[in-house]
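Here the structure comes first, spelled out in structure tokens, and everything after it is commentary.
2 protein chains.
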Amino acid sequence: MSHYREHIVHANKQYAEKFDRSRLAMPPDKKLAIVACMDARLTVEEALGLKTGDAHIIRNAGGVVTDDALRSLIISQRLLGTREILVINHTDCGMLTFKDEELRKRLKKETGTDCSHLSFHAFSDPEENVRAQVKKIKDSSLILKDVAVHGLIYHVESGRLQEVV
Amino acid sequence: MSHYREHIVHANKQYAEKFDRSRLAMPPDKKLAIVACMDARLTVEEALGLKTGDAHIIRNAGGVVTDDALRSLIISQRLLGTREILVINHTDCGMLTFKDEELRKRLKKETGTDCSHLSFHAFSDPEENVRAQVKKIKDSSLILKDVAVHGLIYHVESGRLQEVV
Numbered sequence: 001m002s003h004y005r006e007h008i009v010h011a012n013k014q015y016a017e018k019f020d021r022s023r024l025a026m027p028p029d030k031k032l033a034i035v036a037c038m039d040a041r042l043t044v045e046e047a048l049g050l051k052t053g054d055a056h057i058i059r060n061a062g063g064v065v066t067d068d069a070l071r072s073l074i075i076s077q078r079l080l081g082t083r084e085i086l087v088i089n090h091t092d093c094g095m096l097t098f099k100d101e102e103l104r105k106r107l108k109k110e111t112g113t114d115c116s117h118l119s120f121h122a123f124s125d126p127e128e129n130v131r132a133q134v135k136k137i138k139d140s141s142l143i144l145k146d147v148a149v150h151g152l153i154y155h156v157e158s159g160r161l162q163e164v165v
Numbered sequence: 001m002s003h004y005r006e007h008i009v010h011a012n013k014q015y016a017e018k019f020d021r022s023r024l025a026m027p028p029d030k031k032l033a034i035v036a037c038m039d040a041r042l043t044v045e046e047a048l049g050l051k052t053g054d055a056h057i058i059r060n061a062g063g064v065v066t067d068d069a070l071r072s073l074i075i076s077q078r079l080l081g082t083r084e085i086l087v088i089n090h091t092d093c094g095m096l097t098f099k100d101e102e103l104r105k106r107l108k109k110e111t112g113t114d115c116s117h118l119s120f121h122a123f124s125d126p127e128e129n130v131r132a133q134v135k136k137i138k139d140s141s142l143i144l145k146d147v148a149v150h151g152l153i154y155h156v157e158s159g160r161l162q163e164v165v
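Order-wise, the sequence lines are chains A and B. When you line the first sequence up against this note's numbering, it's residues 1 to 165, in that order. When you line the second sequence up against this note's numbering, it's residues 1 to 165, in that order.
Structure below.
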């Protein structure tokens with residue numbers, strides 16, 4: 001079954017009928033950029049009380065500050081004026097359930113593709129990981145220096161955001 | 001002013017007080033993974049009628065299928081069982097407002113850092129771009145072959161989702 005065909009097409013029609021956000025500007029209203037995990041249990045806007053238009057939301061497996069997340073942050077800051085960054089990891093993350101080496105071996109076995117050059121960024125301690133991600137942002141020469149960077153853990157069991165750094 | 005300090009800490013406390021999602025499982029309920037732009041005007045869950053827990057949401061500048069987006073999709077499929085992919089670009093995207101070469105020159109001038117090796121993935125035609133992103137997913141040997149991949153444009157002026165591929 002295609003969830004897109006069965007539900008999303010219909011849901012979006014209803015959304016568009018009631019749409020009242022045509023006047024939002026391109027630059028985020030709160031000058032905020034967020035790097036968070038792709039996890040389905042975290043709806044970033046809702047958990048943080050953000051409205052559509054408030055923030056750039058960058059998400060990937062783990063909420064990792066990869067080169068691609070840095071690319072997005074650079075564009076966010078230089079072209080669209082954001083001036084505060086939040087990095088959000090969370091409890092019970094899928095990234096805690098495997099090791100890069102295991103996944104590389106499994107992919108090689110299942111697809112025949114050599115994955116020895118790939119990093120999947122699995123980690124074992126969300127607090128330590130979130131500190132390391134904030135450090136990557138602060139260490140980048142392409143990120144503005146006068147910008148606050150917060151590192152947080154979202155608790156999927158309670159909905160609570162915990163400040164780490 | 002820190003938007004995090006002024007608003008988010010308080011908003012999240014209220015969110016956590018009413019929290020009723022502690023039973024959601026780690027794998028996305030709708031077996032869906034979405035790659036979308038980070039744009040502040042697109043609240044993916046709301047525009048698509050998705051609930052917290054339904055889908056992995058991967059976002060970056062442009063909604064580009066970078067190596068990092070592929071990393072996230074591989075983890076989403078192999079470890080967390082998703083079986084349908086949506087790629088969402090949108091009208092009036094910031095990626096239409098610059099060229100990679102301009103941004104590289106500007107960063108070199110403003111920071112002194114050599115950016116000649118960096119791709120920012122600016123593009124000029126969202127429909128063409130979304131087709132190219134879907135192709136990158138379909139061409140990857142590490143992505144499952146029996147999975148539907150849809151390419152869409154979100155219209156920020158109307159809230160409407162347009163099917164491209």
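By construction, the Cβ of each residue, glycine as well, lies at the ideal position given by its N, Cα and C atoms. Bear in mind that the values here come from a model prediction, so they are computed numbers and not experimental data.
Inter-residue Cα distance where the pair is Y15 (chain B) and V164 (chain A): Y15 (chain B) and V164 (chain A) have their C-alpha atoms roughly 19 Å apart.
Three-state secondary structure (DSSP) of E157 (chain B): In the structure shown, E157 (chain B) sits in coil (DSSP, three-state: anything other than H, G, I, E or B).
Candidates B:V64, B:I58 and B:G62: closest to L73 (chain B) by CA position: Nearest option by C-alpha distance: B:I58.
Any chain B beta carbon closer than 8 Å to K135 (chain A): No, because no Cβ of chain B sits closer than 8 Å to the Cβ of K135 (chain A).
Identity of the residues DSSP links to A36 (chain B) by a beta bridge: DSSP, once it has assigned bridges, lists B:R59 and B:I88 as partnering A36 (chain B).
Members of the region 38-60 of chain A that neighbour chain B once the beta carbon cut-off is set at 9 Å: In summary, the residues of the region 38-60 of chain A whose CB is separated from some CB of chain B by less than 9 Å are M38, D39, A40, R41, L42, T43, V44, E45, E46, A47, L48, G49, L50, K51, T52, G53, D54, A55, H56, I57, I58, R59 and N60, in the order they occur in the chain.
Nearest neighbour of L70 (chain A), chosen from A:R131, A:E110, A:I143 and A:L32 [CA to CA]: That would be A:I143, whose Cα lies nearest to the Cα of L70 (chain A).
Distance between H10 (chain A) and K135 (chain A) (C-alpha atoms, nearest Å): K135 (chain A) and H10 (chain A) have their C-alpha atoms roughly 43 Å apart.
With 16 other Cβ atoms within 10 Å as the buried cut-off, status of R41 (chain B): Around the C-beta of R41 (chain B), 16 or more other C-beta atoms lie within 10 Å, and the residue is accordingly described as buried.
Contacts that L72 (chain A) makes with chain B (C-beta to C-beta distance below 7 Å): In the sequence under discussion, the amino acid at residue 72 (chain A) is Ser, which differs from the Leu named in the question. Chain-order list of chain B residues neighbouring S72 (chain A): M38, N60 and A61, by C-beta distance under 7 Å.
Whole-Å CB distance - D54 (chain A) paired with P28 (chain A), under 8 Å assumed: Correct: roughly 6 Å between the Cβ atoms.
When B:E110, B:T82 and B:R23 are compared against H3 (chain A), the one with the closest alpha-carbon: The shortest Cα separation from H3 (chain A) among B:E110, B:T82 and B:R23 belongs to B:T82.
Listed by chain order, chain A residues near A132 (chain B) by CB distance under 9 Å: Taking the beta carbon of A132 (chain B) as reference, no residue of chain A falls within 9 Å; the closest one sits roughly 16 Å away.
Opening and closing residue of the alpha helix (DSSP H) in which H10 (chain A) lies: That run of the alpha helix (DSSP H) goes V9 to E17.
Sequence-distant residues of its chain with Cβ nearer than 8 Å to L96 (chain B) (five each side left out): So the list reads A122, F123, S124 and P126, once near-sequence residues are dropped.
S76 (chain A) to D146 (chain A) span [Cα, whole Å]: Taking the straight line from one Cα to the other gives about 15 Å.
Cβ shell of R131 (chain B) (< 8 Å), same chain only, five flanking positions each side left out: Correct list, in chain order: G151, V164 and V165.
Against chain A: residues of the region 84-103 of chain B by CB proximity under 8 Å: So the list reads E84, L86, D92, G94, M95, T97, F98 and L103, given in the order they occur along the chain.
Top-ranked residue by Cα proximity to K99 (chain A), from A:V35, A:G62 and A:L80: Checking every option, the nearest Cα to that of K99 (chain A) belongs to A:G62.
Chain-ordered chain A contacts of N12 (chain B) [CB-CB under 8 Å]: Those within 8 Å of N12 (chain B) in chain A are A47, L48, G49, G159, R160 and L161.
Closest Cα partner of L80 (chain B) within the set A:C93, A:L118, A:R78 and A:V87: The shortest C-alpha separation from L80 (chain B) is found at A:C93.
Interface residues of chain B facing P28 (chain A) [CB-CB closer than 7 Å]: By Cβ distance, chain B contributes A40.
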